[in-house]
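**Q** Take 2 as the starting number for the sequence shown in our numbering and just add one per residue. Just so it is clear, CB atoms sit at the ideal spot from N, CA and C, and this is done for glycine as well.
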Amino acid sequence: APNRDLKGLTVMVTAGPTAEPIDPVRYLTNRSSGKMGFAVAEAAVRRGAKVILISGPTALKPPAGVEFTGVETAAEMCEAVLERFPAVDVVIKSAAVADYRPARAAAQKIKKNTDSMSIELVKNPDILAELGRRKEGQVLVGFAAETSNLEKNALQKVAGKNLDLLVANDVTQPGAGFGTDTNIAKLVYPDGSIVPLPLMDKLALAHRILDEALALREGKK
Ligand code: C5P
Numbered sequence: 002a003p004n005r006d007l008k009g010l011t012v013m014v015t016a017g018p019t020a021e022p023i024d025p026v027r028y029l030t031n032r033s034s035g036k037m038g039f040a041v042a043e044a045a046v047r048r049g050a051k052v053i054l055i056s057g058p059t060a061l062k063p064p065a066g067v068e069f070t071g072v073e074t075a076a077e078m079c080e081a082v083l084e085r086f087p088a089v090d091v092v093i094k095s096a097a098v099a100d101y102r103p104a105r106a107a108a109q110k111i112k113k114n115t116d117s118m119s120i121e122l123v124k125n126p127d128i129l130a131e132l133g134r135r136k137e138g139q140v141l142v143g144f145a146a147e148t149s150n151l152e153k154n155a156l157q158k159v160a161g162k163n164l165d166l167l168v169a170n171d172v173t174q175p176g177a178g179f180g181t182d183t184n185i186a187k188l189v190y191p192d193g194s195i196v197p198l199p200l201m202d203k204l205a206l207a208h209r210i211l212d213e214a215l216a217l218r219e220g221k222k
């Protein structure tokens, strides 16, 4: 029989990249495929959770049984997440949110009539940091894709964003990061402890993260 150990819990998952418009036909985005977040949503629904999946544009089909909201920009993701946050027990923020967006989206397609051009960027809201400020008993799990100084950056993020757990991965390693079906992650806790995990399927890693989130939730009750 399937293990329904998340029955009674509401789990909100964010996934995918965000797309920040430059003009009506162009946008800024990143290499996130959404696979990690969709795997977490699928694992959580199989274990009996009520699952809210909020995702930027991906090529993936939402798993059966999840409440799905598709968004494009960081601002839209922020609004969707903040609206639901008070009513959830666990948040798993695997989305690769664009840190910056074009200051203005041009109303018309930009013409190629200059030899060079620049696009002014402004900072997007840090959704996860905002959740850390608003948290009232929710278990907050973040992700960090790093290309250098993984442990130092991860420890800073787990503390700075008031997280319960950070899943850090070095996206330069083969078998880790964007687009792959596997990942190599380290679990980083606010007490400074770090648990390195072996190469595993994103679905297996999703279950492992949910095990940790459930244990953290039990510890808070
Ligand atoms: O600081 P960094 O972007 O590496 O942190 C990654 C974590 O923060 C991810 O869980 C991501 O979803 C979240 N984040 C966010 N809003 C941003 C930037 C990152 O929620 N604007």
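Throw me the rounded Cβ distance for the Ala20 and Glu80 pair, which I believe falls under 8 angstroms.
**A** Translated into the one-based positions of the sequence shown, residue 20 becomes position 19. Translated into the one-based positions of the sequence shown, residue 80 becomes position 79. Ala20 to Glu80, Cβ: 15 angstroms. No contact.
**Q** Just to check my reading of the structure: Asn163 and Arg134 have Cβ atoms closer than 8 angstroms, yes? What is that Cβ distance to the nearest angstrom?
**A** Position 162 of the sequence shown, counted from the start, is the residue given in the question as residue 163. Position 133 of the sequence shown, counted from the start, is the residue given in the question as residue 134. Their Cβ separation, rounded to whole angstroms, is 7 angstroms, which keeps Asn163 and Arg134 in contact under 8 angstroms.
**Q** CB of Pro126 to nearest heavy atom of the ligand C5P: below 7 angstroms?
**A** Taking the sequence shown and counting its residues from 1, the one referred to as residue 126 is at position 125. Yes, the ligand C5P has a heavy atom inside 7 angstroms of this Cβ.
**Q** Please classify Ala2: does DSSP put it in a helix, a strand, or coil?
**A** Taking the sequence shown and counting its residues from 1, the one referred to as residue 2 is at position 1. Bear in mind that the predicted position of Ala2 carries a pLDDT of just 47, short of 50, making it too unreliable to give a figure here.
**Q** For a quick check, are the C-beta atoms of Val92 and Leu141 less than 8 angstroms apart?
**A** On the sequence shown, position 91 is the one that residue 92 refers to. On the sequence shown, position 140 is the one that residue 141 refers to. Yes, the Cβ-Cβ distance between Val92 and Leu141 is below 8 angstroms.
**Q** Once you ignore the five residues that flank Ala2 on each side, which residues in its own chain have a CB closer than 8 angstroms to its CB?
**A** To locate residue 2, count along the sequence shown from 1; it is residue 1. Because Ala2 sits at a pLDDT of 47, beneath the cut-off of 50, its placement in the model cannot be relied upon, and the point is left open.
**Q** Excluding five sequence neighbours on each side, which residues of the same chain lie with their C-beta closer than 6 angstroms to the C-beta of Glu43?
**A** Taking the first residue of the sequence shown as position 1, residue 43 is located at position 42. Here the set comprises Pro64.
**Q** I want to check one thing, is the minimum distance from the CB of Val172 to the heavy atoms of the ligand C5P below 7 angstroms?
**A** Position 171 of the sequence shown, counting from 1, holds the residue named residue 172. Outside the cutoff, so no.
**Q** Exposed or buried, which one is Val89 when buried takes at least 16 other CB atoms within 10 Å?
**A** One-based indexing of the sequence shown puts residue 89 at position 88. With 16 or more other Cβ atoms within 10 Å, it is buried.
**Q** Name the two residues that bound the continuous alpha helix (DSSP H) containing Leu129.
**A** Start at 1 with the first residue of the sequence shown, and residue 129 comes out as number 128. It spans Ile128 to Arg135 - the alpha helix (DSSP H) in which Leu129 sits, taken as one unbroken run.
**Q** How many angstroms separate the CA atom of Leu166 from the CA atom of Gln174?
**A** If you number the sequence shown from 1, residue 166 lands on position 165. If you number the sequence shown from 1, residue 174 lands on position 173. Using only the alpha carbons, I get a separation of about 22 angstroms.
**Q** For the segment 31-118, list the beta strand (DSSP E) runs that are entirely contained and at least 3 residues long, ordered along the chain.
**A** 51-56, 68-71, 91-94 and 101-103
**Q** Measuring straight from C-alpha to C-alpha, what distance separates Ala45 and Val12?
**A** As a position in the sequence shown, residue 45 is number 44, starting the count at 1. As a position in the sequence shown, residue 12 is number 11, starting the count at 1. Rounded to whole angstroms, Ala45 to Val12 spans 7 angstroms at the Cα level.
**Q** Should the segment 118-138 be regarded as contacting the segment 101-108, the criterion being three or more beta carbon pairs within less than 8 angstroms?
**A** Flag = yes, the segment 118-138 and the segment 101-108 touch.
**Q** For Ile195, write down the residues that DSSP places opposite it in a beta bridge.
**A** The sequence position of residue 195 within the sequence shown is 194, counting from 1. DSSP lists Val189 as partners of Ile195.
**Q** Under 7 angstroms from any heavy atom of the ligand C5P, does the C-beta of Lys136 make it?
**A** The sequence position of residue 136 within the sequence shown is 135, counting from 1. With a threshold of 7 angstroms, the Cβ atom of Lys136 does not count as near the ligand C5P, since no heavy atom of the ligand is closer than that.
**Q** Going by alpha carbons, who is nearest to Pro199 out of Met78, Pro18 and Ile185?
**A** The residue given as residue 199 occupies position 198 in the sequence shown. The shortest Cα separation from Pro199 among Met78, Pro18 and Ile185 belongs to Ile185.
**Q** Arg27 to Lys110, Cα distance in whole Å?
**A** As a first step, residue 27 must be located in the sequence shown, where it is residue number 26. As a first step, residue 110 must be located in the sequence shown, where it is residue number 109. Straight-line Cα distance between these residues: approximately 8 angstroms.
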